[in-house]
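In order, the protein sequence lines correspond to chains A and B. Numbered by our numbering, the letters in the first sequence go through residues 1 to 307 in order. Numbered by our numbering, the letters in the second sequence go through residues 1001 to 1379 in order. Take a look at the structure set out below.
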Amino acid sequence: MNLSRFCVSNAASFHEDEDYERMPFLPQPKKPARPKRAAIYRNVMPPRYLQMATNQNWNDVWPAAKSFNPSSVPLPVFMGWLKGQPRLGKFNNPELVKIPNFFHLTPPNIKKQCMALKKFCSPWPEGLETDEKIEKHFPVEIVTRDYCHASPTIRDPRARTITMRFKLSQLELDDHSRDKIIRLLGKRYNPLNDLVTIETSSCPFKKQNIDYAFYLLTVVYYESWKTESWEELKEPQDWERFFFEKSSSRKKILDFLKTVDINAETKKEDIKEYEEAIKDIVDNQENDETVDAYGRSVAKLLFSQVK
Amino acid sequence: MLTTARCVAKRSSLSLLKRFMCSPTNSVTSSISMPPEKPIIGTFEPIKKDIYERLFGVNGFEPVAVELFEVLDDKSIMVRLPFIQLLEYIEKTDFDRPANRYILWGRQGAGKTFTLNHLAYWGYLNGFCLVHLASPRDWLDEPAEIEVSESRPGRLDFPLNAALALRHFKNQNSLFLSKSELKVSQKYTWSLREITEQGEPLVNVIDHGISRMKHASDCYAVLLKELKIAANNNLCRLMVLANDVNLFYKKPLVKHADGRVASVEEMTLARAFMKMFKNDWKNGLFVGATYVNQSHWKNRLTPYYPKALLTDRGWEDFDPFIPIKVENYSDMEADSCLDYYTDKMLLQRPQSKTPEGREEIKAINARNPFEMYKFCSNL
């Protein structure tokens, strides 16, 4: 009896008592859906270049160096190429962003910046109007470098390196010393533009390195004017160019003229021609013209008549 | 005119000996007839058979040219511009002056050897005493025999080559030697019992060298020395012709017994011949032809200019000399050459005789004489 009442009461409580907490694993009753917000459609702004006036001040658009911005450049710029597709324009084109541009360096812009800088400049010195004049008055050029960065120290070890440049023709040299200084300078001399470049970084400070570069220049200059005893051993094969005056060719041709009783003074022009021809063959490339000229000049001397 | 391929195959001493034994010694039968006064460029100048045997029987033309002469049964040389230039120079030469040196230079196959041999022929007809060196390679690279000199220790003798050179000289100058009375200027002691006294005829030295091959190298050196003296004394007019002169300035292949490479100064023959390169003698002329190997595509661009070939030492020896360029055929010369080949039935195919065929032959071979000959010999 007791047991049956218990069972019944249990069943009744499940159905009727609403105060009980819902079991968490039971499905939640569906909430009413949140009302959808109405989509807001805005008109897309047209690119800036379409709104630009043709007489605008470009400096305001692009005052300083910056990466490429397609919407503010009013130019049909293309870059890149894809197979079977039209040319790639400026929009969505990362290649255009990668490369440096010079839109900030338009002539009016440069002029404007120069005008701004002008008040800090002194007038150009008189007498230095041309490069030749500058070269004459300032034969030596010294390049120094300063490094500026955010760190606890203002020193930078790279700043001690200096470069000194000058033209070899500025130095007073003769044939021998010129040949020797070129050999001593080695790769520091560029024969194409006649420029000597001495770079020093041996000393800890810039000033010391400048002094050291001048010291090197002095030493190499005076060394090149010296003639050592072993330089006498230089043979014709070692000559940097053909010296007719001390060559055996001159001796032989003069001996020949002596044996045939011709005064060499009267054949000066022919000897000069022979000299030019032989110089051309030895110093420059041998070709049909030079060999022919040599033959003609030799024949002129060999068959020359006593006047 | 044709030029020849360089035969670099080693000639065996046996074949040299055979040539030495077979070379003619009989006298000239045909009378000397002077060629026309002014040679015309492009014409072929025939050489009579006995004169050819005399001048080039021992040495002279390369095997390819000799073969061609035999095939065509005609020994003709085309008159070329360098030959005319040489004649002009010789014409205005004052023979009281030091000998002039001429160097023939040009591409391989352009006709340097033929021009040189043509001049030898001209010199023979005009009474020059010929000293003709056809192939210095025989001395410098592949001598038939090598012996250590007894008279000068440390020097190398090439007895067979020297005897051949003497025979060559004697053949070429038989007419001249029979007329002239060249005497030996000093006493030469070859051995204890073999002596050439002062005042003996120069032929004795040559004969001694030919009969006693052991002394042949020394005899050749003495011969050249005596010829120089004779020329200086106006007893003869010398024409020294040397083919492949630039080979004297390269490293020779001849070695000493101990394996050391011999220098040119250590070879009796070469040393004696190189003394003729200098112009310390008069009454004569020296003509040298350069050698350049451009037969292969790898060495097509080898420089063929005189200074590059002679090297610094050669330039030092020869300067001042007159370089004479031997060019490829001109259009007219090439036509003349093709006419000659057609006449001699070397060109057989009908296409090669048409104007188009001839133009093609000229164009393909760039009018190079030897290339044209090689090409035409297959047509």
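The beta carbon of each residue, even a glycine, is placed where N, CA and C say it ideally should be. These figures come from a predicted structure and were not determined experimentally.
**OP:** May I ask you to list, following chain order, the residues of the stretch 206-237 of chain A that have a beta carbon less than 9 Å from some beta carbon of chain B?
**Re:** Within the stretch 206-237 of chain A, the qualifying residues are P236, Q237.
**OP:** Taking 9 Å as the cut-off, decide whether the C-beta atoms of B/F1321 and A/V298 are in contact.
**Re:** As a working note, residue 1321 of chain B is residue 321 in the second sequence. As a working note, residue 298 of chain A is residue 298 in the first sequence. Yes.
Original post:
Buried or exposed: which applies to A/D84, given that a residue is buried once 16 or more other Cβ atoms fall within 10 Å of its Cβ?
Top reply: For this step, residue 84 of chain A is matched to residue 84 along the first sequence. Position check: residue 84 of chain A holds Gly in this sequence, whereas Asp was assumed. The residue in question, A/G84, is exposed, as its Cβ has fewer than 16 Cβ neighbours within 10 Å.
Subject >> Contact set for B/K1362: own chain, Cβ-Cβ below 7 Å, skip 5 residues either direction >> reply: Along the second sequence, one-based indexing puts residue 1362 of chain B at 362. Residues of the same chain with a CB within less than 7 Å of the CB of B/K1362, apart from the 5 flanking positions on each side, are A1334 in chain order.
Original post:
Which class does B/Y1249 belong to by DSSP, given the choice of helix, strand or coil?
Top reply: Position 249 of the second sequence, counted from the start, is the residue given in the question as residue 1249 of chain B. Residue state, collapsed to three classes: helix.
**OP:** Kindly indicate the opening and closing residues of the alpha helix (DSSP H) around B/N1171.
**Re:** Counted from its first residue, the second sequence places residue 1171 of chain B at position 171. Looking at the DSSP string, the run of the alpha helix (DSSP H) that includes B/N1171 is 1159-1172.
Original post:
How far does the alpha helix (DSSP H) with B/M1372 in it reach, from first residue to last?
Top reply: Residue 1372 of chain B sits at position 372 when you count from the first residue of the second sequence. Looking at the DSSP string, the run of the alpha helix (DSSP H) that includes B/M1372 is 1369-1376.
Subject >> Min CB distance A/D288 to chain B below 9 Å >> reply: As a working mapping, residue 288 of chain A is identified with position 288 in the first sequence. A/D288 counts as touching chain B.
Original post:
Where A/E172 and A/R165 are concerned, what is the direct C-alpha to C-alpha distance, given to the nearest angstrom?
Top reply: Along the first sequence, read from residue 1 onward, the residue named residue 172 of chain A stands at position 172. Along the first sequence, read from residue 1 onward, the residue named residue 165 of chain A stands at position 165. Their Cα atoms are separated by approximately 16 Å.
Original post:
Taking Cβ positions, are B/L1285 and B/Y1121 nearer each other than 9 Å?
Top reply: For this step, residue 1285 of chain B is matched to residue 285 along the second sequence. For this step, residue 1121 of chain B is matched to residue 121 along the second sequence. Their beta carbons are not under 9 Å apart, which means B/L1285 does not touch B/Y1121 by this criterion.
**OP:** Quick one: using the 10 Å Cβ neighbour count with 16 as the cut-off for buried, is A/A150 buried or exposed?
**Re:** One-based indexing of the first sequence puts residue 150 of chain A at position 150. Classification of A/A150: exposed, given that the 10 Å Cβ count is below 16.
**OP:** Could you name the residues of the same chain whose beta carbon sits closer than 6 Å to that of B/G1060, not counting the 5 residues immediately before and after it, in chain order?
**Re:** Stepping through the second sequence from its first residue, residue 1060 of chain B is reached at position 60. Taken in chain order, the residues that qualify are N1117, A1134.
**OP:** Check distances from the C-beta atoms of the stretch 1308-1335 of chain B to those of chain A and list, in chain order, the residues that come in under 9 Å.
**Re:** Listed in sequence order: A1308, D1312, W1315, E1316, D1319, P1320, F1321, I1322, P1323, I1324, K1325.
Subject >> Residue environment, B/S1012, which counts as buried when at least 16 other CB atoms sit within 10 Å >> reply: To locate residue 1012 of chain B, count along the second sequence from 1; it is residue 12. At B/S1012, the pLDDT of 49 sits below 50, so the modelled position is not reliable; the number obtained from the coordinates is stated separately. Exposed, since its Cβ has fewer than 16 Cβ neighbours within 10 Å.
Original post:
Going by C-alpha distance, which of B/Q1348, B/I1051, B/G1042, B/V1205 is nearest B/K1183?
Top reply: By 1-based counting over the second sequence, the position of residue 1183 of chain B is 183. Here the closest residue by C-alpha is B/V1205.
**OP:** Leaving out five residues on either side along the sequence, give the residues of the same chain with a beta carbon under 7 Å from the beta carbon of A/I182.
**Re:** Translated into positions along the first sequence, residue 182 of chain A becomes position 182. Cβ-Cβ distances below 7 Å link A/I182 to Y189 in the same chain, with the five nearest sequence neighbours on each side left out; the list follows chain order.
Original post:
What residues of chain A sit near B/K1092, judged by a beta carbon separation below 8 Å?
Top reply: Position 92 of the second sequence, counted from the start, is the residue given in the question as residue 1092 of chain B. Neighbours of B/K1092 in chain A, taken as residues whose beta carbon is under 8 Å from its own, are F303 in chain order.
Original post:
If we cut at 9 Å on Cβ distances, does B/P1303 have a partner in chain A?
Top reply: The sequence position of residue 1303 of chain B within the second sequence is 303, counting from 1. Yes, because at least one Cβ of chain A sits closer than 9 Å to the Cβ of B/P1303.
Original post:
At which residues does the alpha helix (DSSP H) containing B/W1139 begin and terminate?
Top reply: Mapped onto the second sequence, residue 1139 of chain B falls at position 139. In the DSSP assignment, B/W1139 falls within the alpha helix (DSSP H) that extends over 1137-1140.
Subject >> Cβ pair A/N43, A/N109 closer than 9 Å >> reply: As a first step, residue 43 of chain A is located in the first sequence; it is residue number 43 there, counting from the start. As a first step, residue 109 of chain A is located in the first sequence; it is residue number 109 there, counting from the start. The Cβ-Cβ distance between A/N43 and A/N109 does not fall below 9 Å.
Original post:
B/K1183 bridges to which residues according to DSSP?
Top reply: As a first step, residue 1183 of chain B is located in the second sequence; it is residue number 183 there, counting from the start. B/P1201.
**OP:** Would you please verify whether the beta carbon of B/N1293 is less than 9 Å from any beta carbon of chain A?
**Re:** Residue 1293 of chain B sits at position 293 when you count from the first residue of the second sequence. No, its Cβ sits nowhere closer than 9 Å to a Cβ of chain A.
Original post:
Given a threshold of 16 other Cβ atoms within 10 Å of its Cβ, counted over all protein chains shown, does B/R1367 qualify as buried or as exposed?
Top reply: Locating residue 1367 of chain B in the second sequence gives position 367, counting from the first residue. By the Cβ neighbour-count rule, B/R1367 is buried, with 16 or more other Cβ atoms within 10 Å of its own.
Subject >> DSSP three-state assignment for B/N1117, whether helix, strand or coil >> reply: As a first step, residue 1117 of chain B is located in the second sequence; it is residue number 117 there, counting from the start. Note: B/N1117 maps to helix in three-state DSSP.
**OP:** Name the residue from A/E286, A/V196, A/L301, A/R296 whose alpha carbon lies nearest to the alpha carbon of B/K1307.
**Re:** Translated into positions along the second sequence, residue 1307 of chain B becomes position 307. Answer by Cα proximity: A/E286.
**OP:** Could you name the residues of the stretch 1097-1113 of chain B whose beta carbon sits closer than 8 Å to any beta carbon of chain C, in the order they occur along the chain?
**Re:** Among the chains of the structure shown, chain C does not appear; the protein chains present are A and B.
Subject >> Contact between the stretch 1166-1184 of chain B and the stretch 1130-1146 of chain B (3+ Cβ pairs under 8 Å) >> reply: Contact between the stretch 1166-1184 of chain B and the stretch 1130-1146 of chain B is present, because at least three Cβ pairs lie under 8 Å.
Original post:
Based on Cα-Cα distance, which residue from A/S202, A/K187, A/C203 lies nearest to A/V196?
Top reply: Working through the first sequence from its first residue, we reach residue 196 of chain A at position 196. Measuring C-alpha to C-alpha distances from A/V196 to each of A/S202, A/K187, A/C203 identifies A/K187 as the nearest.
Subject >> Spatially closest choice to B/D1137 from B/D1244, B/L1310, B/L1346, by CA coordinates >> reply: Reading the second sequence from its first residue, position 137 is the one you call residue 1137 of chain B. Strictly speaking, residue 1137 of chain B in this sequence is Arg, with Asp absent from that position. Taking each of B/D1244, B/L1310, B/L1346 in turn and checking the Cα distance to B/R1137, the smallest one comes out for B/D1244.
Original post:
Whose C-beta lies closer than 7 Å to the C-beta of B/I1084 among residues of the same chain, with five residues either side of it excluded?
Top reply: Here residue 1084 of chain B refers to the residue found at position 84 of the second sequence. The residues are P1039, I1041.
**OP:** Taking only beta carbons into account, state which residues of the stretch 242-269 of chain A come closer than 7 Å to chain B, listed in chain order.
**Re:** Taking 7 Å as the cut-off between beta carbons, the residues of the stretch 242-269 of chain A near chain B are S248, S249, K252, I253, F256, T259, V260, in sequence order.
Original post:
Starting from A/M115 and walking both ways along the beta strand (DSSP E), at which residues does that stretch end?
Top reply: Reading the first sequence from its first residue, position 115 is the one you call residue 115 of chain A. If you look at A/M115, you'll find it isn't in any beta strand (DSSP E); it sits in the alpha helix (DSSP H) that goes 107-118.
Original post:
Residues of chain A with CB under 7 Å from B/P1306, in chain order?
Top reply: By one-based count along the second sequence, residue 1306 of chain B stands at place 306. Correct list: V291.
Original post:
Closer than 9 Å, CB to CB, is B/Y1089 near chain A or not?
Top reply: Within the second sequence, the letter at position 89 stands for residue 1089 of chain B. Yes, contact with chain A.
Subject >> Residues near B/M1213 in its chain [Cβ-Cβ closer than 8 Å; skip 5 each side] >> reply: Locating residue 1213 of chain B in the second sequence gives position 213, counting from the first residue. Around B/M1213: P1159, L1160, A1162, A1163.
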